[in-house]
DNA sequence: ATTATAAACGAACATCCGTTCGGTGTCAAA
DNA sequence: TTTGACACCGAACGGATGTTCGTTTATAAT
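Next up, the structure:
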């Protein structure tokens, strides 16, 4: 999954770590002279020399003529344990007998008091995502536990077989199920293969609130 | 959860977003002149003027005499959707009939071909964490699905009630269960409350491989 | 009408910074 | 022995950059 640039030697390695640590500590990249000072190198040209090699080896990228214009490449950042973060607003709880919260049209991160922070690499496209906390054990048949966090993408309809948060109008009930449209009726299939599906004869009773993208369980 | 600095007005807001976007795009902060250019301000002193206010309002921090020495504060970064990343090595699969992979003494991120990237805010202390991919449906009674990722912390023993990856020597079987030491015997309790526990009379048959810290399920 | 404050302008200065250039020493291959 | 690479040094140039200063305009309060 994470292809890494070629292995490199002593000094280059030190410079790379120096860049990473500097960014980690100060929030912006070092200058050539910062690196020289840190590593006890007395000439800036030496650092420039090594930076050019690190750039050739695809560990870093540089913006020419821009001060501190050093960037770790995606691969380099992964190799050093860095990445990109996505904040998903936690909009509330999902429980069997209560309506499912959905994002208002103009929701933004500012204003939400709690957020779930995930990396883009596991969440994919973060557009419009929101999170709900599961309350109660009524969704055990979806293999979802009390306290689990579900990451949702808003949707009013879903393709066959997709896992969705569903509000059943007549039963006044919320569930997480895979949805299958079968002619006139709807089959709601639990994620747990040992459990039986529910059939809803009137599709209008099935209100799709969003697709389930991910389930996160913090144990204990 | 995420306390935010005071609300601010038009131009300050624009400057803040400009800084965030610049960092997001280029990997390092803008100069005073970069900001001025971006916002169509003709004098650098204007930007300096606003930056000082943003600093007073605790949205940003500045390193004096350092070029591009602008940093979003922790609160400011959260308010704009940024954070800190942790890479967890994915060491292999966990399946019912196979031994559980455990980290070797000197494992490091470089060398692992696949990693799971999480944020510190959901994972807590990232020290020694590793990840396993669940294969098969044999752990349904732990509410864990085929394909789920479990995040583990190495441990050779666990406290009562903790969820652990367990290797049962005599059965040659791997499971995820809550472990209870009850006098001479061991109770292995499924996370699914509708299911019955297993009792092991000889505690030496129970080999703890690690504590389960988190379960992640990517749906579909 | 006066004062205070916020927001902006343009110019200027000293320092910071990337980059280049000419050299030096070491070591292994030819 | 010569050659070429690698790693390093010190100096210097020109442009980038943070910061300060004096001035101006608009708005609201006194």
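Chains as they are written, first to last, in my numbering: chain A, 1 to 220; chain B, 1001 to 1220. Beta carbons: idealized from backbone N, C-alpha and C, even for Gly. For clarity, every value in this text was computed on a predicted model and none was experimentally measured.
- Rounded to whole angstroms, the separation of the alpha carbons of residue 30(A) and residue 1043(B) is 26 Å.
- DSSP places residue 1093(B) in the strand class (E or B) of the three-state scheme.
- For the beta strand (DSSP E) assignment, the uninterrupted runs of no fewer than 3 residues enclosed by the segment 1107-1146 of chain B are, from N- to C-terminal side, 1115-1119, 1130-1134.
- Using a Cβ distance threshold of 8 Å, residue 1118(B) and residue 1086(B) count as a contacting pair.
- Rounded to the nearest whole angstrom, the CA to CA distance from residue 1052(B) to residue 62(A) is 29 Å.
- If you ignore the 5 residues before and after residue 163(A), its C-beta comes within less than 6 Å of the C-beta of 178, 212, all in its own chain and listed in chain order.
- Judged by pairs of C-beta atoms under 8 Å, the segment 202-218 of chain A does not touch the segment 1161-1176 of chain B, as fewer than three such pairs exist.
- The C-alpha of residue 1114(B) lies about 11 Å from the C-alpha of residue 1130(B).
- In the structure shown, residue 180(A) adopts extended strand secondary structure according to DSSP, grouped into three states.
- Within chain B, not a single residue places a beta-carbon under 7 Å from that of residue 95(A); the smallest gap is close to 17 Å.
- Closest option to residue 57(A), judged by alpha-carbon separation, among 72(A), 215(A), 148(A): 72(A).
- The Cβ-Cβ distance between residue 169(A) and residue 207(A) falls below 8 Å.
- From the beta-carbon of residue 1099(B), no residue of chain A is found nearer than 8 Å; the closest lies around 22 Å away.
- The beta carbons of residue 1215(B) and residue 1148(B) sit closer together than 8 Å.
- Residue 1059(B) and residue 1123(B) have their C-alpha atoms roughly 26 Å apart.
- Residues of the segment 1205-1216 of chain B with a C-beta atom less than 9 Å from some C-beta of chain A are 1211, 1212, 1213, 1214, 1215, 1216, listed in chain order.
- Around the beta carbon of residue 1141(B), 16 or more other beta carbons sit within 10 angstroms, so the residue counts as buried.
- Residues of chain A with a Cβ closer than 7 Å to the Cβ of residue 1121(B) are, in chain order, 117.
- Cβ-Cβ separation between residue 1144(B) and residue 1176(B): approximately 6 Å, consistent with a contact (criterion under 8 Å).
- Residues of the same chain with a CB within less than 7 Å of the CB of residue 1217(B), apart from the 5 flanking positions on each side, are 1145, 1148 in chain order.
- Not a single CB atom of chain B sits nearer than 8 Å to the CB of residue 21(A).
- In chain order, 31, 67, 68 make up the part of chain A whose C-beta sits under 8 Å from the C-beta of residue 1067(B).
- Under the DSSP assignment, residue 162(A) falls in the beta strand (DSSP E) whose first and last residues are 162-168.
- Taking all protein chains in view, the Cβ of residue 1027(B) is crowded by 16 or more other Cβ atoms within 10 Å, so the residue is classified as buried.
- Between residue 1096(B) and residue 1155(B), the C-beta spacing is not below 8 Å.
- Closest in C-alpha terms to residue 219(A), from the list 1152(B), 1137(B), 1126(B), 1016(B), comes 1152(B).
- Residue 1199(B) is bridged by DSSP to 1187(B).
- The beta carbon of residue 194(A) falls within 8 Å of a beta carbon belonging to chain B, placing the residue at that interface.
- Scanning chain B for C-beta atoms nearer than 7 Å to the C-beta of residue 191(A) yields 1145, reported in chain order.
- DSSP, read as helix, strand or coil, puts residue 1042(B) in coil.
- Leaving aside the five residues that flank residue 1048(B) on each side, the residues in its chain whose CB is nearer than 8 Å to its CB run, in chain order, 1032.
- The C-beta of residue 45(A) has fewer than 16 other C-beta atoms within 10 Å across all chains shown, which makes the residue exposed.
- Burial is judged here by how many other beta carbons sit within 10 angstroms of a residue's own beta carbon; residue 1185(B) has fewer than 16 and is exposed.
- Against chain A, a Cβ distance below 8 Å from residue 1160(B) picks out nothing, because the smallest value is about 12 Å.
- The residue among 1012(B), 1050(B), 1134(B), 1199(B) with its C-alpha nearest the C-alpha of residue 1099(B) is 1134(B).
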